[in-house]
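Heads up: the sequence shown begins at 7 in the numbering used here, then just goes up one per residue. Ideal Cβ placement from N, Cα and C applies to all residues, glycine included.
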Amino acid sequence: MLYQIYEAQRSLLEPFADMADAASKLYGNRHTLLGQMPMAQRVSAAYALFHRLGKDYEKPEFGIRKVDVDGVEVAIDERVELDMPFCQLLRFKRFSDDPATLEKLKGQPPVLIVAPLSGHYATLLRDTVRTMLEGHKVYITDWKNARMVPLSEGEFHLDDYVNYVQEFIRHLQGKYGNCHIISVCQPTVPVLAAVSLMASRGEQTPITMTMMGGPIDARKSPTAVNNLATQRSYEWFENNVIFRVPQNYPGAGRRVYPGFLQHTGFIAMNPDRHASSHYDYFKDLIKGDQSSAETHRKFYDEYNAVLDMDADYYLETIKTVFQDFKLVNGTWDVRSPDGKLERVRPQDITATAQMTVEGELDDISGSGQTKAAHALCKGVERREGDHLEVKGAGHYGIFSGRRWRTVVYPQVKAFIADYHAKAVAKASEPASAAASPSQVARPQQRAADALGQLRLDDLGDVAPDLAKAPAPQRTPVKRAAAKKVAAPRGKAAAAPARLAAKAPVSAAAKRAAPGARATTPRGNGRARQS
7 MLYQIYEAQR SLLEPFADMA DAASKLYGNR HTLLGQMPMA QRVSAAYALF HRLGKDYEKP
67 EFGIRKVDVD GVEVAIDERV ELDMPFCQLL RFKRFSDDPA TLEKLKGQPP VLIVAPLSGH
127 YATLLRDTVR TMLEGHKVYI TDWKNARMVP LSEGEFHLDD YVNYVQEFIR HLQGKYGNCH
187 IISVCQPTVP VLAAVSLMAS RGEQTPITMT MMGGPIDARK SPTAVNNLAT QRSYEWFENN
247 VIFRVPQNYP GAGRRVYPGF LQHTGFIAMN PDRHASSHYD YFKDLIKGDQ SSAETHRKFY
307 DEYNAVLDMD ADYYLETIKT VFQDFKLVNG TWDVRSPDGK LERVRPQDIT ATAQMTVEGE
367 LDDISGSGQT KAAHALCKGV ERREGDHLEV KGAGHYGIFS GRRWRTVVYP QVKAFIADYH
427 AKAVAKASEP ASAAASPSQV ARPQQRAADA LGQLRLDDLG DVAPDLAKAP APQRTPVKRA
487 AAKKVAAPRG KAAAAPARLA AKAPVSAAAK RAAPGARATT PRGNGRARQS
């Protein structure tokens, strides 16, 4: 009933907010009669503030139209690569007509950024994406507002989140041979689980995994967020924060954790800071400081835009991550798309280098929570610089703003570049002396095929006219298959069906067939002809 009451209040307040916006413009225009009245600027500022407090905030757009790559302006085309019931995989395709820039773009590493599903939209990582585009092929998960997903699409669980991540990884591996993955905040846990499950099955795993400000071990340096989860029972959350979507949305009847409740929680964490920020906005409007006022508007356009989360996913995250600590206790079982329970074993990861990033002043994921991933991944060799604590940075400062651009990104870029170069070199090595002459003669071709450097679908990082050149049209088939198998459990019970049934080819089987053609490993452990 609370959701219906909120919707009634929002509908009632919306026309008044629109009227306040109009009044603000009338009083703020010196060419109108109202604008020439005494204290008109103050009245205009007051109406503008009322409009900001009462308006409904829709999902923002990324709005990244171009980036600078080594002094050359590169155009960006944002497109949907995969469309799943609860998430879209977005690609930011780069275009340039400068030949030297094209060569750089083609050889840069592909990176999958997994955005958090914890209240805000993926556009919260706009600065992360824009910066990464300067030196990487960038994809990002764009989670959908649960109230916009019809009940016919079924439920969405934490297990489905893990399966989605695996499907996205396989999609990039199918295009480029392999990829790198970055998780920010909440997804550090399901991303680590996804890579662990792939490693346990013997599948190919990402080259690197960067985890930033996430609750891998929420027992360390607990914050207000952690304390709330431990002080309340699972039943309390289910009875007090879960409501059904009203009839005026496509997802009517779906059980969700509403965005407006999440937003209330965000504000309650720092009420004085938000009140002060809005008062400063009021004073900036009076002074005519439009630059500072616009900065305020941009921040709160993003901060106030929130989405609903499916109740099953939210409640399972509370229990798994913050109450039972199943990942660090080694008791987490994830249900695969075929219904099989699989134990999450981070110690099985051996081929994926990892880096962790934490903010010194992070009040959401406390100190040591993300770094705990290194202790879990015992099969990954530790190296100097594999953990970064950003001095003076809060939670948002490690992936957005000046510290992200000047402190975090250079180290993340160097980490990815180092291991990507090693992967390229390894893929380019000639076959063993026992290989046939035809196999030895084509090592570079096999390496290029494994890394997906010259595929037609990858020519988005190349000039448009080059994309007209004839080449095999294989990628659309792969996309269709991925889209078909991506639904979560529920009515459309099949998430990625190919997750389950593909067993890796054993080394013994390969040795038993010396006459077989040369192959390169891919995705789920299957062999592909060179």
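Can you list, in chain order, the residues of its chain whose CB lies under 6 Å from that of D537, leaving out five sequence neighbours each side? A query on residue 537 cannot be resolved here, the shown segment of the chain reaching from 7 to 536 and no further.
Starting from T147 and walking both ways along the beta strand (DSSP E), at which residues does that stretch end? In the sequence shown, residue 147 corresponds to position 141, counting from 1. That run of the beta strand (DSSP E) goes 143-149.
Residue range of the alpha helix (DSSP H) that A81 falls in? Residue mapping note: residue 81 aligns to position 75 of the sequence shown, counting from 1. Counting along the chain, A81 falls outside any alpha helix (DSSP H), though it belongs to the beta strand (DSSP E) covering 78-89.
Just the Cα atoms here: how many angstroms apart are E390 and A431? Here residue 390 is taken as the residue at index 384 of the sequence shown, counted from 1. Here residue 431 is taken as the residue at index 425 of the sequence shown, counted from 1. Rounded to the nearest whole angstrom, the CA to CA distance from E390 to A431 is 22 Å.
Please state the DSSP three-state secondary structure of E348. As a working note, residue 348 is residue 342 in the sequence shown. Residue state, collapsed to three classes: strand.
Using the three-state DSSP reduction, which class does K99 fall into: helix, strand or coil? Position 93 of the sequence shown, counting from 1, holds the residue named residue 99. DSSP places K99 in strand when its eight states are reduced to three.
What alpha helix (DSSP H) runs, 4 residues minimum, are completely inside the region 296-355? Whole alpha helix (DSSP H) segments, 4+ residues: 296-309, 317-323, 332-335.
Enumerate in chain order the residues of its own chain whose CB-to-CB distance from R396 is below 8 Å, with the five nearest sequence positions on each side excluded. Mapped onto the sequence shown, residue 396 falls at position 390. Inspection of the sequence shows that residue 396 is occupied by Val rather than by Arg. V363, E364, G365, E366, G403, I404, R409, V413, V414, listed in sequence order.
Relative to the C-alpha of P352, which candidate in H142, A378, A121 has its C-alpha closest? Looking up residue 352 in the sequence shown gives position 346. Looking at the Cα atoms, A378 is the closest of the given residues.
Are the beta-carbon atoms belonging to D314 and Y263 less than 8 Å from one another? Translated into positions along the sequence shown, residue 314 becomes position 308. Translated into positions along the sequence shown, residue 263 becomes position 257. Contact flag set, yes.
Would you report the Cα separation of G374 and D223, rounded to the nearest angstrom? Numbered from 1 along the sequence shown, position 368 holds the residue referred to as residue 374. Numbered from 1 along the sequence shown, position 217 holds the residue referred to as residue 223. Rounded to the nearest angstrom, the two C-alpha atoms are 8 Å apart.
State the CB to CB distance for the pair L203 and Q237, rounded to an integer number of angstroms; the pair is presumed to be in contact (CB under 8 Å). Here residue 203 is taken as the residue at index 197 of the sequence shown, counted from 1. Here residue 237 is taken as the residue at index 231 of the sequence shown, counted from 1. Actually they are not in contact, since the Cβ atoms of L203 and Q237 sit about 31 Å apart, beyond 8 Å.
Spatial neighbours of Y167 in its chain, beta-carbon cut-off 6 Å, leaving aside the 5 residues before and after: Locating residue 167 in the sequence shown gives position 161, where the first residue counts as 1. P196.
Quick one: Cα of R16 to Cα of E159, how far? For the purposes of this step, residue 16 is taken as the residue at position 10 of the sequence shown. For the purposes of this step, residue 159 is taken as the residue at position 153 of the sequence shown. Here the C-alpha atom of R16 lies approximately 27 Å from the C-alpha atom of E159.
Extent of the continuous beta strand (DSSP E) run through L59: Residue numbering aside, residue 59 sits at position 53 when the sequence shown is read from its first letter. L59 -> not in any beta strand (DSSP E); alpha helix (DSSP H) instead, spanning 46-60.
Taking its Cβ as the centre, do 16 or more other Cβ atoms sit within 10 Å of N254, making it buried, or is it exposed? Residue numbering aside, residue 254 sits at position 248 when the sequence shown is read from its first letter. Note on N254: under 16 other CB atoms within 10 angstroms of its CB, so exposed under the neighbour-count rule.
Run the CB neighbour count on E87, radius 10 Å, all protein chains shown included, and call it buried at 16 or more, exposed below. Locating residue 87 in the sequence shown gives position 81, counting from the first residue. By the 10 Å Cβ count, E87 comes out buried.
Rounded to a whole number of angstroms, what is the C-alpha to C-alpha distance between T376 and V334? Here the question's residue 376 lines up with position 370 in the sequence shown. Here the question's residue 334 lines up with position 328 in the sequence shown. Cα to Cα, the separation comes out at about 12 Å.
Considering only DSSP beta bridges, list what K72 is partnered with. On the sequence shown, position 66 is the one that residue 72 refers to. Per DSSP, A81.
Would D368 pass as a contact of H393 if the rule is Cβ separation under 8 Å? Position 362 of the sequence shown, counting from 1, holds the residue named residue 368. Position 387 of the sequence shown, counting from 1, holds the residue named residue 393. D368 is not a Cβ neighbour of H393, given a cutoff of 8 Å.
Are there 16 or more other CB atoms within 10 angstroms of the CB of S406, so buried, or fewer, so exposed? Reading the sequence shown from its first residue, position 400 is the one you call residue 406. With 16 or more other Cβ atoms within 10 Å, it is buried.
May I ask which residues mark the beginning and end of the alpha helix (DSSP H) holding T107? In the sequence shown, counting from the first residue as 1, residue 107 sits at position 101. It spans 105-113 - the alpha helix (DSSP H) in which T107 sits, taken as one unbroken run.
Curious, which full-length beta strand (DSSP E) runs of at least 3 residues does the region 356-429 contain? List check, beta strand (DSSP E) in window: 359-365, 393-396.
Three-state secondary structure (DSSP) of R532: In the sequence shown, counting from the first residue as 1, residue 532 sits at position 526. Caution is warranted here: a pLDDT of 36 is assigned to R532, below 50, making its placement in the model unreliable, and the coordinate value is therefore given only provisionally. If DSSP states are grouped into helix, strand and coil, R532 belongs with the strands.
Count the C-beta pairs between the region 113-130 and the region 308-328 that are closer than 8 Å, then say yes if the count reaches three, no if not. Output reads yes: the region 308-328 touches the region 113-130.
What residue range does the beta strand (DSSP E) around I187 cover? For the purposes of this step, residue 187 is identified with residue 181 of the sequence shown, where counting begins at 1. Residues 186-190.
Only counting the same chain, and skipping five residues up and downstream in sequence, which positions put a Cβ closer than 8 Å to that of T214? As a first step, residue 214 must be located in the sequence shown, where it is residue number 208. Within the same chain, T214 has close Cβ partners H186, I187, T358, A359, Q360, M361, F421, I422, Y425, H426.
Pick from A14, N151, E348, K332: whose alpha carbon is nearest that of R207? The count along the sequence shown starts at 1 and reaches residue 207 at position 201. It is E348 whose Cα lies nearest to the Cα of R207.
Does the beta-carbon of A447 have 16 or more other beta-carbons within 10 angstroms, so that it is buried, or is it exposed? Against the sequence shown, residue 447 aligns to sequence position 441. Residue confidence is low: A447 scores 41 on pLDDT, short of 50, so the model does not pin down where it sits. Its coordinate-derived value is still stated next. Of the other Cβ atoms in all chains shown, fewer than 16 fall within 10 Å of the Cβ of A447; this residue is therefore exposed.
Determine the direct distance from the alpha carbon of G398 to that of R279, and round the result to whole angstroms. Taking the first residue of the sequence shown as 1, we reach residue 279 at position 273. Taking the first residue of the sequence shown as 1, we reach residue 398 at position 392. Straight-line spacing of the CA atoms in R279 and G398 works out to 17 Å.
For a quick check, are the C-beta atoms of S102 and V120 less than 8 Å apart? What you label residue 102 is simply residue 96 of the sequence shown in a count that begins at 1. What you label residue 120 is simply residue 114 of the sequence shown in a count that begins at 1. Their beta carbons are not under 8 Å apart, which means S102 does not touch V120 by this criterion.
Quick check on DSSP: helix, strand or coil for H37? By 1-based counting over the sequence shown, the position of residue 37 is 31. If DSSP states are grouped into helix, strand and coil, H37 belongs with coil.
Bridge partners - H126, DSSP secondary structure assignment: Position 120 of the sequence shown, counted from the first residue, corresponds to residue 126. Answer is V312.
Going by the CB atoms, is the gap between E109 and F98 shorter than 8 Å? Along the sequence shown, one-based indexing puts residue 98 at 92. Along the sequence shown, one-based indexing puts residue 109 at 103. Not a contact, by the Cβ cut-off of 8 Å.
Report all residues from its chain with a CB closer than 7 Å to the CB of H284; omit the five preceding and five following residues, and keep chain order. Counting from 1 along the sequence shown, the entry for residue 284 is found at position 278. Cβ neighbours of H284 beyond the five flanking positions: L55.
By the 10 Å Cβ neighbour count, where 16 or more other Cβ atoms means buried, how is I11 classified, buried or exposed? Working through the sequence shown from its first residue, we reach residue 11 at position 5. Exposed, because fewer than 16 other Cβ atoms sit within 10 Å of the Cβ of I11.
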